[in-house]
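Residue numbers for the sequence shown follow UniProt numbering, beginning at 1 and rising by one.
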Amino acid sequence: MPTSQRLDEWPQSFAGNSYSPDEHPRYWKQGQSITRPVFFRLQNVVGSTLSGFTLKNSPFRTFSIVTSKQTTLSGLTLDSSAGNGLAKNTDGFDLTKNDHITITGNKIYNQDDCLAMQSSTNTVFSNNLCCGGHGVSIGSLGGNAVDQSSTVQGLTVQGNTIQNSDNGIRIKTIVGLKGLVSNVNKAKGGYTGSPTSAVTIEGVTISGLTGSATNLYDIVANPKVVLGWTFSGIKVSTSQTGKAVGQTNSVSV
Numbered sequence: 001m002p003t004s005q006r007l008d009e010w011p012q013s014f015a016g017n018s019y020s021p022d023e024h025p026r027y028w029k030q031g032q033s034i035t036r037p038v039f040f041r042l043q044n045v046v047g048s049t050l051s052g053f054t055l056k057n058s059p060f061r062t063f064s065i066v067t068s069k070q071t072t073l074s075g076l077t078l079d080s081s082a083g084n085g086l087a088k089n090t091d092g093f094d095l096t097k098n099d100h101i102t103i104t105g106n107k108i109y110n111q112d113d114c115l116a117m118q119s120s121t122n123t124v125f126s127n128n129l130c131c132g133g134h135g136v137s138i139g140s141l142g143g144n145a146v147d148q149s150s151t152v153q154g155l156t157v158q159g160n161t162i163q164n165s166d167n168g169i170r171i172k173t174i175v176g177l178k179g180l181v182s183n184v185n186k187a188k189g190g191y192t193g194s195p196t197s198a199v200t201i202e203g204v205t206i207s208g209l210t211g212s213a214t215n216l217y218d219i220v221a222n223p224k225v226v227l228g229w230t231f232s233g234i235k236v237s238t239s240q241t242g243k244a245v246g247q248t249n250s251v252s253v
């Protein structure tokens, strides 16, 4: 079965039951020593819907969504839990250069990012279950210029449940490179040196979160590129209190 699928630029609807290839665990054992295929690739897809099927035992990234528009993925189960302790880079959804993508009501069991935003605009990630991986990630982000390939703008992350994961939500930037993270909303659901990333991160709202944490992270920002961050209504039980360093007056913690 091909590991890459392409739909041309006209409306599509794709629904089904389950696909669970037997050969994928051998990719886990060999890891990065071999080339691993993306399980399901969507490129140049417009006005389409994927819903109601299960993909198991992804050898690498499960969904790679590239240069697509006005498309919804819902009611999917991405289950690579059999690879716990062995599989790597089994991202749930990787997004690059898309516009108006909605990912809602899915279940993702994996060992890496549940959602990885490399670049895209007007994305909704809502009411999903993420279990066992790295949570929601923006980045790693950065390029030689601020352009379509280095911009995440208009991302809403809402109503998700993130369990047994390394992070809730994180923004990763590449040292010294440029980019833009703007209008990000996340609702209901030790260091040395100075930060040098030149990626502008603005309009970030984190609100209404509850939970518990065993790892402690400080917020260390480059005040030259941080604008309009708001943290409110957060109730997380932990034995320690972190620090916020480098914030400007436009950051409210």
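Glycine included, every Cβ here is placed at the ideal spot set by N, Cα and C. Since we're looking at a predicted model, the values are computed, not measured.
Apply the 10 Å Cβ neighbour rule to residue i and answer buried if 16 or more other Cβ atoms are within range, or exposed otherwise.
i, result
"Arg26", "exposed"
"Lys178", "buried"
"Asp147", "exposed"
"Ile34", "exposed"
"Leu86", "exposed"
"Gly233", "exposed"
"Ser212", "exposed"
"Ser80", "buried"
Assuming residue i contacts residue j (C-beta within less than 8 Å), just tell me the rounded distance between them.
i, j, result
"Ile171", "Val181", "6 Å"
"Thr173", "Val152", "At roughly 11 Å, the Cβ-Cβ gap does not stay under 8 Å, so Thr173 and Val152 are not in contact."
"Asn183", "Gly203", "4 Å"
"Lys97", "Ser149", "6 Å"
"Phe231", "Ile206", "5 Å"
Once you ignore the five residues that flank residue i on each side, which residues in its own chain have a CB closer than 6 Å to its CB?
i, result
"residue 293", "Given a span of 1 to 253 for the chain in the structure shown, any question on residue 293 remains unanswerable."
"Thr210", "Lys235"
"Ala116", "Asp91, Asp94 and Ser137"
"Gly190", "Its pLDDT being 43, under 50, Gly190 is placed unreliably by the model, and the measurement read from it follows with that caveat. No residues qualify anywhere along the chain."
"Val124", "Thr102 and Thr156"
"Asn106", "Leu76 and Asn128"
"Phe63", "Phe40 and Phe93"
"Ile108", "Leu78, Gly92, Cys114 and Cys130"
"Gln163", "Cys131"
"Gly168", "Gly135 and Ile162"
"Ser140", "Lys172 and Ile174"
Is the beta carbon of residue i sitting closer than 9 Å to the one on residue j?
i, j, result
"Gln111", "Asn89", "yes"
"Ala82", "Asn122", "no"
"Ser137", "Asp113", "yes"
"Thr77", "Phe39", "no"
"Gly47", "Lys69", "yes"
"Gly228", "Val175", "no"
"residue 285", "Asn160", "No statement about residue 285 is possible, as the shown extent of the chain runs from 1 to 253 and does not include it."
Output needed for residue i: all residues of its chain with C-beta closer than 7 Å, excluding positions within five of it in sequence on either side, in chain order.
i, result
"Ala145", "Lys178"
"Gly31", "Lys88"
"Ser237", "Ser212"
Given residue i, which residues of its chain have a CB within under 8 Å of its CB, disregarding the five upstream and five downstream residues?
i, result
"Thr214", "Thr238"
Is any non-hydrogen atom of the ligand MG found closer than 8 Å to the C-beta of residue i, if you look at the structure I gave you?
i, result
"Gly233", "In the structure shown, the ligand MG is absent, as is every other ligand, since no ligand is present at all."
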